[in-house]
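So the structure is just underneath, and the comments pick up after that.
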Amino acid sequence: MSPPPARFYVSPLQRGAYLATMERLKFLETTREAAAREKAVADAQREDLNAYEEALKTQLIRVAQKRREAEAQLEAEQAKEAAALLPENRKLLETLEDEWEEQHALQQHSIRSHQEQLKALRNALDLLQREEREVQRSVETVQDLHGEAATKAADVAETLQRLLAQAHDAKESLQDLRTLAS
């Protein structure tokens with residue numbers, strides 16, 4: 007059997023390459039579709055988020071406007087109450103306000119006084135800690151000097167022991183010489 011004409015013949019290698027290319031195209035198409043779906047979802051979420059943000063802004067504007075209206079109404083009521091006060095009540099209110107200011111000033115003075123005392127205590131504590139560190143350094147220095155003195159005392163004792171031994175040897179030698187001389 008002879009192979010089919012060249013223009014219709016597809017080798018297994020070409021067929022495999024074709025199938026691989028088709029699979030790759032299918033994969034790319036599904037990937038593109040998935041990306042398009044994700045983009046559509048993201049766009050929808052972004053639109054929802056923008057709409058929610060706009061709703062919040064509108065709500066905040068309304069709340070701020072209501073707050074301003076309530077503040078204006080409260081100020082108007084306070085002005086009415088102040089105008090409606092009897093002279094005796096006005097005087098009492100002024101006295102109470104003066105007393106409150108005086109109490110507030112005393113409290114502020116007390117707070118400042120306590121702060122100054124606290125600062126003085128902190129300074130004293132810092133000074134004591136510095137002195138404690140200096141004493142600790144002095145103790146360490148004394149301990150070092152004591153250690154050095156103990157080492158030197160041991161050296162001196164050893165030297166004295168050697169000198170004593172040498173003196174004892176010299177004495178014995180002297181006695182031996184006297185014995186020999188006599």
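Each residue of the sequence shown is one higher than the last, beginning at 7 in the numbering used here. For every residue, glycine included, the Cβ atom is placed at its ideal position computed from N, Cα and C.
Can you tell me which of the three DSSP states residue i falls into?
i	result
SER17	coil
SER119	helix
LEU134	helix
SER179	helix
SER188	coil
LEU92	coil
What do you reckon, is the C-beta of residue i under 7 Å from a heavy atom of the ligand COA?
i	result
SER188	Here there are no bound small molecules, and the ligand COA is not part of this structure.
In the region 21–62, which residue ranges form an unbroken beta strand (DSSP E) of at least 3 residues, counting only runs that do not cross its ends?
none
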